[in-house]
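In the working numbering, the protein residues as written are 1 to 350.
Each residue gets a CB set at the ideal place from its N, CA and C atoms; glycine is no exception.
Please read all numbers here as calculations on a predicted model, not as lab measurements.
Presented below is the structure to which this report refers.
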Ligand SMILES: Cc1ncc(C[n+]2csc(CCOP(=O)(O)OP(=O)(O)O)c2C)c(N)n1
Ligand SMILES: [Mg+2]
């Protein structure tokens, strides 16, 4: 194994290399409903993404940024959010949308460019939003949603609500000025925003170790006097615990947090055109052997939260929901050409 791979694996294993402490939690205070909700969400994301890839491979859309492998991160965070809290995403955001409760039928229709989609078929995979659910949008411009989320948090503070704003972004985005400016403002204004970096080890084909100075994203919080924490992003329960602390602080008016969740994307950067020559088979196997859904299923069975039969029922329901979303999308019409200039400006009122 190349030294770089070994370092990366040890790093993600919690054996620290220029890294902040990796938190492993006790998981004692999570109730059964939350556990079942999280299992169902993670599985729905996985099945939806597998289907989305099949749709792309069949030529029904022009490719996707798959979140397979990263399901635990938004699931652990969104388990603690309300509909009136806000989430902002990235170019790789199907898992954020599903975790925040966006309707699967409308998502699949949006992917396939149909008029029944979340953006009436004019946004596509990288521009899914649903204000009713507090999902303010995926976004194709890397890092661009970080200052938007900070502004959303400022709105909550000015209005005196207890809503929180969560922004997900990648390890590549973590070196953008937008994150640093946002953390600075969020700190001095004590804003209810949680910055969640999904460190999946690569920005396209560029390794984290090559491009991120200092070897840690979470340590960057130190420069802005806000809490920064690294968590095992393959453990949904660990993510839940860290998010609980961060969201609780934000709601209580105690300001922002930076979370770095260490995770891995299983597929290529943007689908089938990525030969993955920049990472080793051994490295991929290492992460896939620690699959977040398999690990969580084992936890549920080992701790008798549910039995095999109950989990099978959930699995069947997730598959049925995804199959239904494809049928809904297939049977929906494409938007009329005359709809091209409609909805350019929003009429959103609160
Ligand atoms: C401002 C900007 N620069 C470059 C790109 C091209 N681009 C799209 S995704 C990506 C990599 C982003 O990596 P990361 O933030 O780690 O997210 P990941 O793809 O790993 O989820 C790049 C460079 C872009 N979309 N926007
Ligand atoms: Mg990345």
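Segment contact: the region 179 to 192 against the region 232 to 239, fewer than three CB-CB distances shorter than 8 Å; contact not assigned. About 20 Å separates the beta carbons of residue 100 and residue 329, which is beyond the 8 Å limit, so they are not a contact pair.
Residue 239 places its beta carbon less than 7 Å from that of residue 261.
For the pair of segments examined, the region 76 to 88 was found to touch the region 149 to 166: the number of CB pairs separated by less than 8 Å reaches three. Relative to ligand 1, residue 91 has its C-beta within less than 6 Å of a heavy atom. The continuous alpha helix (DSSP H) containing residue 314 extends over residues 308 to 331. Exclusion of the five residues before and after residue 106 leaves 117 and 118 as the residues of its chain whose Cβ lies within less than 6 Å of its Cβ. Beta-carbon to beta-carbon, residue 64 and residue 46 are separated by about 14 Å, too far to satisfy the 8 Å threshold.
Looking at the DSSP output, residue 206 shares a beta bridge with 203.
DSSP places residue 253 outside both helix and strand once states are collapsed to three, so it counts as coil. By the criterion of at least three beta-carbon pairs nearer than 8 Å, the region 241 to 258 is not in contact with the region 277 to 291.
Put simply, the backbone Cα of residue 296 is about 7 Å away from that of residue 39. Just measuring C-alpha positions, the residue of 70, 274, 318 and 332 sitting nearest residue 290 is 70. Per DSSP, residue 334 lies in no alpha helix (DSSP H) segment and is marked neither H nor E. Residue range 292 to 302 is occupied by the alpha helix (DSSP H) that includes residue 302. Annotation: the continuous beta strand (DSSP E) that includes residue 230 extends over 228 to 232. Looking at the DSSP output, residue 135 shares a beta bridge with 87 and 130. A direct Cα-to-Cα measurement between residue 72 and residue 345 gives close to 34 Å.
The residue from 33, 30, 31 and 43 with its alpha-carbon nearest to that of residue 292 is 43. Residue 97 places its beta carbon less than 7 Å from that of residue 135.
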